[in-house]
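Here the structure is laid out as structure tokens; the discussion comes afterwards.
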Amino acid sequence: MNTAARRTVGPTLEIFPMMLRQRLTVVASAAALTVAGLAAGTAHAAAPATATAKSRALAASCSQDYLPLPDPSCTPGAYNPDVTQDTIGQTICVSGWTATVRPPTSYTNPLKVRQIAEYGYDDTSTADYEEDHLVPLELGGAPRDPANLWPEPRYGTEPAQSKDSVETRLKNAVCSGRVSLDDARGAIASDWTTALSVLGL
Numbered sequence: 033m034n035t036a037a038r039r040t041v042g043p044t045l046e047i048f049p050m051m052l053r054q055r056l057t058v059v060a061s062a063a064a065l066t067v068a069g070l071a072a073g074t075a076h077a078a079a080p081a082t083a084t085a086k087s088r089a090l091a092a093s094c095s096q097d098y099l100p101l102p103d104p105s106c107t108p109g110a111y112n113p114d115v116t117q118d119t120i121g122q123t124i125c126v127s128g129w130t131a132t133v134r135p136p137t138s139y140t141n142p143l144k145v146r147q148i149a150e151y152g153y154d155d156t157s158t159a160d161y162e163e164d165h166l167v168p169l170e171l172g173g174a175p176r177d178p179a180n181l182w183p184e185p186r187y188g189t190e191p192a193q194s195k196d197s198v199e200t201r202l203k204n205a206v207c208s209g210r211v212s213l214d215d216a217r218g219a220i221a222s223d224w225t226t227a228l229s230v231l232g233l
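Dropping the structure here:
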């Protein structure tokens, strides 16, 4: 091969590897973008489906059939282990003690919203419900356990505010020694509307 031929062929052969590299880079970039797009598309598609499934699982998972009582499978009640018959003189029978264990609304309000959905109430206004302790703090109910909290309606024939006087009378009976703590807790957890008559109060 003469020098002229070498000059013509040499640069041409050098150009081919460069073009090949550029094409491979473009193809690789396109493939990467496609994969990323598919991954992003999958993630975006999955998010609403997951949220919808979660909403369906939460909605109406507790029954309203027990009103004015909570669904016992959702709200069976729970006790504060610090309150026993032996400790009532240092806990529930001390004026103002319940304020020291009452959870803040920053905890109970989001729980109320979630449980309103779980109970499937048509009225979803949080103002129409009291986030009630089934076993009241006055009788040593667990302050933060969701098993002891539920959105009790402020409307109906036996609204939430009617339960407050029952709780006070039971606490007074326990602190005066007329009723045991266990009996008072059991009666109100079973049915607050009949707790006083069951205990003869």
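Per our numbering, the sequence shown starts with residue 33, numbered consecutively.
Backbone N, C-alpha and C define an ideal beta-carbon position, used for all residues, glycine too.
Nothing here was measured: the structure is a model prediction, and the numbers come from that model.
Three-state secondary structure assigned by DSSP to residue i
{"i": "Tyr111", "result": "strand"}
{"i": "Glu184", "result": "strand"}
{"i": "Asp164", "result": "strand"}
{"i": "Gly172", "result": "coil"}
{"i": "Asp193", "result": "It is worth fixing the name first, because residue 193 is Gln in this sequence and not Asp. Of the three classes helix, strand and coil, the one that applies to Gln193 here is helix, per DSSP."}
{"i": "Trp224", "result": "coil"}
{"i": "Ala79", "result": "Since pLDDT at Ala79 reaches only 31, below the 50 mark, its modelled position is unreliable, and the value read off the structure follows with that caveat. Ala79 falls in the helix class under three-state DSSP."}
{"i": "Gly218", "result": "helix"}
{"i": "Asp155", "result": "coil"}
{"i": "Thr119", "result": "helix"}
{"i": "Val230", "result": "helix"}
{"i": "Val198", "result": "helix"}
{"i": "Val211", "result": "coil"}
{"i": "Ala179", "result": "helix"}
Cα-Cα separation, residue i to residue j
{"i": "Ala216", "j": "Leu228", "result": "9 Å"}
{"i": "Asn141", "j": "Ala149", "result": "13 Å"}
{"i": "Asp214", "j": "Lys144", "result": "27 Å"}
{"i": "Val133", "j": "Cys106", "result": "22 Å"}
{"i": "Ala81", "j": "Arg146", "result": "For Ala81, the pLDDT reaches just 33, beneath the cut-off of 50, and the residue's location in the model is therefore unreliable, although a value from the coordinates is still provided. So the alpha carbons of these two residues sit roughly 19 Å apart."}
{"i": "Glu190", "j": "Tyr139", "result": "26 Å"}
{"i": "Ser95", "j": "Ala221", "result": "17 Å"}
{"i": "Trp224", "j": "Ser127", "result": "23 Å"}
{"i": "Pro183", "j": "Ser197", "result": "18 Å"}
{"i": "Lys203", "j": "Gln117", "result": "12 Å"}
{"i": "Tyr187", "j": "Pro104", "result": "20 Å"}
{"i": "Thr123", "j": "Asn180", "result": "19 Å"}
{"i": "Pro108", "j": "Ala159", "result": "24 Å"}
{"i": "Pro175", "j": "Glu162", "result": "14 Å"}
Where the alpha helix (DSSP H) through residue i begins and ends
{"i": "Thr137", "result": "137 to 151"}
{"i": "Val133", "result": "129 to 133"}
Classification of residue i by the beta-carbon crowding that lies within 10 angstroms, buried from 16 upward
{"i": "Thr130", "result": "buried"}
{"i": "Asp155", "result": "exposed"}
{"i": "Thr226", "result": "exposed"}
{"i": "Gly209", "result": "exposed"}
{"i": "Asp97", "result": "exposed"}
{"i": "Val41", "result": "Confidence at Val41 is low in this model, with a pLDDT of 40, below 50, so the placement of that residue should be treated as unreliable; the coordinate-derived value is given next. Classification of Val41: exposed, given that the 10 Å Cβ count is below 16."}
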